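Student: Numbering (the working numbering), first residue to last: 672 to 792.
For every residue, glycine included, the Cβ atom is placed at its ideal position computed from N, Cα and C.
The model shown is predicted, which means the values in this text are computed figures rather than measured ones.
#1: Assess contact between the stretch 742-761 and the stretch 772-780, defined as three or more Cβ pairs (one per stretch) separated by less than 8 Å. Is contact present?
#2: Given 8 Å as the limit, is there contact between the stretch 704-724 and the stretch 778-785, that is, 3 or more CB pairs closer than that?
#3: Could you round the C-beta distance between residue 686 and residue 787 to whole angstroms and report it? I think they count as a contact, below 8 Å.
#4: Check residue 758 in the structure and name its three-state DSSP category.
#5: Exposed or buried, what is residue 695 when buried is set at 16 or more other beta-carbons lying within 10 Å of its beta-carbon?
#6: Tell me which residue opens and which closes the alpha helix (DSSP H) that residue 707 is part of.
Below, the structure is given as C-alpha coordinates:
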(Lines of atoms letter the chains of each structure in order from A and count residues from 1; the text may use other names and numbers.)
(Lines give C-alpha, C1' and ligand atoms only; values in the text may rest on other atoms or scores of the structure.)
Protein backbone atom coordinates (compact mmCIF):
# COMPACT_ATOMS: atom_id res chain seq x y z
CA UNK A 1 0.00 0.00 0.00
CA UNK A 2 1.39 3.39 -1.02
CA UNK A 3 1.71 6.48 1.15
CA UNK A 4 -1.31 8.18 -0.41
CA UNK A 5 -3.44 5.09 0.12
CA UNK A 6 -2.35 4.84 3.76
CA UNK A 7 -3.25 8.51 4.18
CA UNK A 8 -6.68 7.87 2.67
CA UNK A 9 -7.36 5.05 5.13
CA UNK A 10 -6.16 7.17 8.07
CA UNK A 11 -8.34 10.14 7.04
CA UNK A 12 -11.34 7.84 6.78
CA UNK A 13 -10.63 6.21 10.16
CA UNK A 14 -10.37 9.67 11.73
CA UNK A 15 -13.59 10.91 10.12
CA UNK A 16 -15.74 7.79 10.33
CA UNK A 17 -14.20 5.82 13.19
CA UNK A 18 -15.53 2.33 13.81
CA UNK A 19 -18.31 2.86 11.27
CA UNK A 20 -15.77 2.46 8.45
CA UNK A 21 -16.52 -0.84 6.71
CA UNK A 22 -14.05 -1.12 3.84
CA UNK A 23 -11.69 0.78 1.57
CA UNK A 24 -10.42 -0.64 -1.69
CA UNK A 25 -8.56 0.32 -4.83
CA UNK A 26 -8.95 -1.36 -8.21
CA UNK A 27 -7.54 -1.22 -11.69
CA UNK A 28 -7.86 -3.28 -14.86
CA UNK A 29 -5.74 -6.09 -13.42
CA UNK A 30 -7.49 -6.54 -10.10
CA UNK A 31 -8.12 -4.97 -6.73
CA UNK A 32 -6.45 -4.31 -3.41
CA UNK A 33 -8.34 -4.21 -0.14
CA UNK A 34 -6.77 -1.31 1.76
CA UNK A 35 -8.89 -1.78 4.87
CA UNK A 36 -11.73 -4.08 5.85
CA UNK A 37 -13.40 -4.38 9.23
CA UNK A 38 -13.41 -7.95 10.56
CA UNK A 39 -17.19 -8.40 10.58
CA UNK A 40 -17.40 -7.07 7.02
CA UNK A 41 -14.70 -9.48 5.86
CA UNK A 42 -16.86 -12.31 7.19
CA UNK A 43 -19.85 -11.10 5.10
CA UNK A 44 -18.17 -11.44 1.70
CA UNK A 45 -16.57 -14.39 -0.03
CA UNK A 46 -13.64 -14.04 -2.43
CA UNK A 47 -16.14 -14.56 -5.25
CA UNK A 48 -18.32 -11.71 -3.92
CA UNK A 49 -15.33 -9.36 -3.84
CA UNK A 50 -14.34 -10.31 -7.40
CA UNK A 51 -17.90 -9.64 -8.56
CA UNK A 52 -17.82 -6.21 -6.87
CA UNK A 53 -14.51 -5.48 -8.62
CA UNK A 54 -15.99 -6.41 -12.00
CA UNK A 55 -19.04 -4.23 -11.36
CA UNK A 56 -16.93 -1.22 -10.31
CA UNK A 57 -14.88 -1.46 -13.53
CA UNK A 58 -18.07 -1.58 -15.62
CA UNK A 59 -19.57 1.40 -13.80
CA UNK A 60 -16.32 3.33 -14.32
CA UNK A 61 -16.46 2.68 -18.05
CA UNK A 62 -19.93 4.26 -18.13
CA UNK A 63 -18.78 7.53 -16.58
CA UNK A 64 -17.94 9.20 -19.90
CA UNK A 65 -21.53 8.78 -21.02
CA UNK A 66 -22.90 10.17 -17.76
CA UNK A 67 -20.49 13.12 -17.92
CA UNK A 68 -21.59 13.89 -21.49
CA UNK A 69 -25.20 14.11 -20.32
CA UNK A 70 -24.25 16.79 -17.81
CA UNK A 71 -22.24 19.23 -19.95
CA UNK A 72 -19.05 17.16 -19.66
CA UNK A 73 -18.61 17.95 -15.97
CA UNK A 74 -16.25 15.46 -14.36
CA UNK A 75 -18.02 12.87 -12.23
CA UNK A 76 -16.07 12.81 -8.96
CA UNK A 77 -17.95 10.16 -7.06
CA UNK A 78 -21.06 8.00 -7.12
CA UNK A 79 -22.87 7.59 -3.81
CA UNK A 80 -24.92 4.48 -3.12
CA UNK A 81 -27.06 4.66 0.00
CA UNK A 82 -28.56 1.47 1.36
CA UNK A 83 -30.64 0.84 4.50
CA UNK A 84 -27.69 0.73 6.88
CA UNK A 85 -24.65 1.65 4.81
CA UNK A 86 -23.25 4.06 2.24
CA UNK A 87 -20.85 3.12 -0.53
CA UNK A 88 -18.76 5.66 -2.38
CA UNK A 89 -17.24 4.92 -5.79
CA UNK A 90 -14.47 7.21 -7.03
CA UNK A 91 -13.31 6.70 -10.63
CA UNK A 92 -9.98 8.19 -11.73
CA UNK A 93 -10.11 6.88 -15.29
CA UNK A 94 -11.78 4.05 -17.16
CA UNK A 95 -10.10 1.30 -15.20
CA UNK A 96 -8.85 2.87 -11.97
CA UNK A 97 -10.94 3.69 -8.95
CA UNK A 98 -11.50 3.55 -5.23
CA UNK A 99 -14.31 2.17 -3.12
CA UNK A 100 -15.29 3.28 0.39
CA UNK A 101 -18.11 1.94 2.53
CA UNK A 102 -19.32 2.85 5.98
CA UNK A 103 -22.24 2.17 8.30
CA UNK A 104 -24.89 4.84 7.97
CA UNK A 105 -27.25 6.06 10.66
CA UNK A 106 -27.72 9.66 9.53
CA UNK A 107 -24.87 11.10 11.59
CA UNK A 108 -22.24 11.11 8.82
CA UNK A 109 -22.62 13.42 5.82
CA UNK A 110 -21.53 11.41 2.74
CA UNK A 111 -20.75 14.60 0.80
CA UNK A 112 -18.27 15.65 3.49
CA UNK A 113 -16.53 12.29 3.18
CA UNK A 114 -16.36 12.71 -0.62
CA UNK A 115 -14.68 16.11 -0.16
CA UNK A 116 -12.22 14.65 2.36
CA UNK A 117 -11.29 11.83 -0.03
CA UNK A 118 -11.24 13.32 -3.51
CA UNK A 119 -7.71 14.75 -3.29
CA UNK A 120 -6.38 11.40 -2.06
CA UNK A 121 -7.90 9.09 -4.67
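Tutor: Taking the structure as given:
#1: yes
#2: no
#3: 6 Å
#4: strand
#5: buried
#6: Run containing residue 707: none in the alpha helix (DSSP H); it sits in the beta strand (DSSP E), 702-707.
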